[in-house]
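Participant: The structure's right below; bear with me while I get my questions together.
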Amino acid sequence: MRTRAYQHSLSGSSMPAGQPLLEVEALSLAFGGVKALSEVSFTVTSGSIHAVIGPNGAGKSSLLNCVSGLYRPTAGSIVLNFVAGEEGRKRTQRMSASSDEDDAAEKSIERRALTRLKPNRVARLGVARSFQNIELFDQLSVLENIMLGRHIHMKQNLASAFLWTGPARKQEIAHRVIVEEVIDLLKLQAERSKPVGTLAYGIQKRVELARALAMQPALLLLDEPMAGMNAEEKEDMARYILDVHELAGVTIVLIEHDMNVVMDISQQVTVLDFGRVIADGTPDEVMNNPAVVEAYLGAQK
Ligand SMILES: Nc1ncnc2c1ncn2[C@@H]1O[C@H](COP(=O)(O)OP(=O)(O)OP(=O)(O)O)[C@@H](O)[C@H]1O
115 MRTRAYQHSL
125 SGSSMPAGQP
135 LLEVEALSLA
145 FGGVKALSEV
155 SFTVTSGSIH
165 AVIGPNGAGK
175 SSLLNCVSGL
185 YRPTAGSIVL
195 NFVAGEEGRK
205 RTQRMSASSD
215 EDDAAEKSIE
225 RRALTRLKPN
235 RVARLGVARS
245 FQNIELFDQL
255 SVLENIMLGR
265 HIHMKQNLAS
275 AFLWTGPARK
285 QEIAHRVIVE
295 EVIDLLKLQA
305 ERSKPVGTLA
315 YGIQKRVELA
325 RALAMQPALL
335 LLDEPMAGMN
345 AEEKEDMARY
355 ILDVHELAGV
365 TIVLIEHDMN
375 VVMDISQQVT
385 VLDFGRVIAD
395 GTPDEVMNNP
405 AVVEAYLGAQ
415 K
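Per my numbering: the sequence shown = residues 115 to 415.
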């Protein structure tokens, strides 16, 4: 990872790389008679890109919806790990990756159950996500849309915000510094003032990624970020996701249909079929697993 050599550290977690960050244990979800998820277990390690793949209707989006608090699972648990003391901390400054990681080695780990939390609480704890369909404000500029990603960290009272005094002003400047870093990292300078609705689809998807990144997430959930893109747009998006991972140091869970993309950019892959985990491993291990070939790759032929 190039994280330490680069000025950006937009990750909200200082968990040392390789430690378990998100632990999903025996998660089940039913809609009436439909079992969307059945005893799904897997672990996302800090510092990885972890792909979740599977045929249509396998339960991938349902799984992300459970993690982000939109769906309430019928059974099981979802735990996010923190370095003691940093849980849900307000992020208004760049975090120094190296010193935080060094500190982390000294500190103990705290576990926080996300299982029954509402989406805004999960977001405050540092889980950001993008959606399959673009969910941006068309009339607002790129900058304004990305700034909205900061709102969960904005806590100034109305009077000081209105008078634009002391703390409110300092806070606003700190937020802008982070937003500018995001714009710089995702190369959105040329579009910053344009209304999002006027931009090409591929760029809108990048703005969505930018808004999620502006939260300085501990964990970033991306639901099919390349859906509906042509080959060139997909290649661009894959590069930006790698930058978010390698340069900004953010741990990512990625749902993606394109197997080539998954194999190229992820370190760990969990395969779902009919709501169950049928394989979990490195891209090579998963590619060569007969159950996966049967259920997923076979279905593509
Ligand atoms: N809100 C809901 N109400 C009822 N059933 C649902 C709901 N959301 C998902 N399901 C069902 O749960 C199962 C899993 O759906 P889900 O969308 O999670 O799969 P997926 O792997 O994300 O599929 P795709 O690749 O097509 O997006 C499907 O049978 C789906 O019809």
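By construction, the Cβ of each residue, glycine as well, lies at the ideal position given by its N, Cα and C atoms.
Owing to the predicted nature of the structure, the values given are computational and were not obtained by experimental measurement.
What residues sit near ligand 1, counting only those whose C-beta is closer than 6 Å to one of its heavy atoms, in chain order?
Facilitator: Taken from the N-terminal end onward, the list reads F145, V148, A150, G168, N170, G171, A172, G173, K174, S175, S176.
Participant: Figure out for me which residue from Q330, L254, G199, I163 has the closest Cα to the Cα of R238.
Facilitator: Among Q330, L254, G199, I163, the Cα nearest to that of R238 belongs to Q330.
Participant: Quick one: what's got a C-beta closer than 7 Å to S244's C-beta in the same chain, skipping five residues either side?
Facilitator: The answer, listed in chain order, is E322, L323, A326, L336, D337, P339.
Participant: What three-state label does DSSP hand A409 in the structure shown?
Facilitator: Correct three-state label for A409: helix.
Participant: My parser needs the beta strand (DSSP E) runs of 3 or more residues fully inside the segment 136–206; what are they?
Facilitator: Whole beta strand (DSSP E) segments, 3+ residues: 148–159, 163–167, 189–197.
Participant: In the DSSP assignment, find the beta strand (DSSP E) that holds R226 and state where it starts and stops.
Facilitator: Counting along the chain, the beta strand (DSSP E) containing R226 begins and ends at 223–227.
Participant: Quick check: I364 and L334, are their CB atoms within less than 8 Å of each other?
Facilitator: It is worth fixing the name first, because residue 364 is Val in this sequence and not Ile. Contact: yes.
Participant: Helix, strand or coil for G316, going by three-state DSSP, please let me know.
Facilitator: Residue state, collapsed to three classes: helix.
Participant: Under 8 Å by Cβ, that's how I've got S160 and G132 pegged, so tell me the actual separation to the nearest angstrom.
Facilitator: Confirmed, Cβ separation roughly 7 Å.
Participant: For A150, I'd like the list of residues in its chain whose CB is within less than 7 Å of its CB, leaving aside the five on either flank, ordered along the chain.
Facilitator: Once the five neighbours on either side are set aside, the close Cβ partners of A150 are L143, A144, G173, S176, G389.
Participant: Starting from A328 and walking both ways along the beta strand (DSSP E), at which residues does that stretch end?
Facilitator: Unbroken run through A328: none, as it is neither H nor E.
Participant: Please determine if the segment 187–197 and the segment 394–410 are in contact, where contact requires at least 3 C-beta pairs separated by less than 8 Å.
Facilitator: The segment 187–197 is not in contact with the segment 394–410.
Participant: If you follow the alpha helix (DSSP H) that R353 is in, where does it begin and where does it stop?
Facilitator: 345–360 is the extent of the alpha helix (DSSP H) around R353.
Participant: Comparing C-alpha positions only, which one of L250, R186, V158 sits nearest to K232?
Facilitator: Taking only the C-alpha atoms, the option nearest K232 is R186.
Participant: Just the Cα atoms here: how many angstroms apart are V291 and A362?
Facilitator: Going by the C-alpha atoms only, they are around 14 Å apart.
Participant: Please say whether L257 and V293 have beta carbons closer to each other than 8 Å?
Facilitator: Yes. Within cutoff.
Participant: For Y354, does the count of other Cβ atoms within 10 angstroms reach 16, so buried, or fall short, so exposed?
Facilitator: Buried is the call here.
Participant: Would DSSP call L300 helix, strand or coil?
Facilitator: Residue state, collapsed to three classes: coil.
Participant: Between L136 and T157, is the Cβ-Cβ spacing less than 8 Å?
Facilitator: Against a cut-off of 8 Å, the Cβ pair of T157 and L136 comes out as a contact.
Participant: Under a three-way DSSP split, which group does G263 fall into?
Facilitator: Coil at G263, not helix or strand.
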